[in-house]
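Trainee: Mapping of the sequence shown onto the numbering used here: position 66 corresponds to residue 460, and the numbering continues sequentially without gaps. Have a look at the structure that comes next, please.
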Amino acid sequence: MTEKDCIRDVIGYEGLYTVNVLGEIYSVKSKKKLSPCVNRFGYMNVCLYKNGKQKTEKVHRIVASAFIPNPLNKTQVNHIDGNKKNNCVWNLEWNYCSENARHAFAVGLRNGVGVRIVETGQEFSSISECARSINGSDANIGKCITGERDTHKGFHFERIENYGN
395 MTEKDCIRDV IGYEGLYTVN VLGEIYSVKS KKKLSPCVNR FGYMNVCLYK
445 NGKQKTEKVH RIVASAFIPN PLNKTQVNHI DGNKKNNCVW NLEWNYCSEN
495 ARHAFAVGLR NGVGVRIVET GQEFSSISEC ARSINGSDAN IGKCITGERD
545 THKGFHFERI ENYGN
């Protein structure tokens, strides 16, 4: 890999900032590496300036936009190893929201929350799956689980913590 392959302009900030395959972002003018900060969700952010205006950008999205093709226009960037601070290009991939959620469960970043129909004992891995099985509404089943509603389609529902574990 040549040096040119390892460093690219930050999309939308061409000539102002560059990013490398390790997820490090540099100011073109000062040639200094920016110091990212961690946001409340655990993602690394940097403050970028353009035309006198400051904007906070997520490092993983900067890296993915610069280096990873996205021909299917997927909307989210997944950290393959689950570490939100590891923004190396080889640790990132474009995903749809559903793919990102499945990955989080698969690698143990999130515990599954299932749903049980009280009357039948039938268990489901999600509210959506349960709703499809009874031709019901996700929203109404959710309201039953939170106590905002008593029944839906004649059934009571309860949440199953750590479903599938």
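Ideal Cβ positions, reconstructed from N, Cα and C, are used throughout, including at glycine.
Between the alpha carbons of His454 and Pro430, how many angstroms are there, rounded?
Mentor: 11 Å
Trainee: Would you kindly work out how many angstroms separate the C-alpha atoms of Gln448 and Asn529, rounded to a whole number?
Mentor: Whole-angstrom Cα-Cα distance: 48 Å.
Trainee: Kindly indicate which residue of Trp484, Gln470, Gly436, Glu552 has the alpha-carbon position closest to the one of Glu517.
Mentor: Glu552
Trainee: Could you work out which residue in Ile511, Arg526, Ser527, Tyr443 is closest to Asp544 when comparing CA atoms only?
Mentor: Ile511
Trainee: Could you check if Gly548 is buried or exposed, using at least 16 other CB atoms within 10 Å of its CB as the buried criterion?
Mentor: Label assigned to Gly548: exposed.
Trainee: Straight-line CA distance for Thr412 to Arg526?
Mentor: 47 Å
Trainee: Anyone know if the C-beta pair for Lys423 and Leu410 falls short of 9 Å?
Mentor: yes
Trainee: Taking only runs of the alpha helix (DSSP H) that begin and end inside the region 417 to 485, which ones reach a length of at least 4 residues, in chain order?
Mentor: Counting whole runs of 4 or more residues, the region 417 to 485 contains the alpha helix (DSSP H) stretches 453 to 461.
Trainee: Report, in whole angstroms, the separation of the C-beta atoms of Asn494 and Asn472, which I expect to be a contact under 8 Å.
Mentor: 5 Å
Trainee: Just the Cα atoms here: how many angstroms apart are Lys537 and His550?
Mentor: 11 Å
Trainee: Determine whether the beta carbon atoms of Gly417 and Cys491 lie at a separation below 9 Å.
Mentor: no
Trainee: Note down the Cα distance separating Asn414 from Arg402, rounded to an integer number of angstroms.
Mentor: 6 Å
Trainee: Can you grab the Cα-Cα spacing for the pair Ser421 / Tyr443, in whole Å?
Mentor: 10 Å
Trainee: Just tell me which of Ile456, Gly515, Asp532 has its CA closest to the CA of Ile521.
Mentor: The option with the nearest alpha carbon to Ile521 is Asp532.
Trainee: Is Glu451 buried or exposed, if buried means 16 or more other CB atoms sit within 10 Å of its CB?
Mentor: buried
Trainee: Classify His497 as helix, strand or coil using the three-state DSSP reduction.
Mentor: helix
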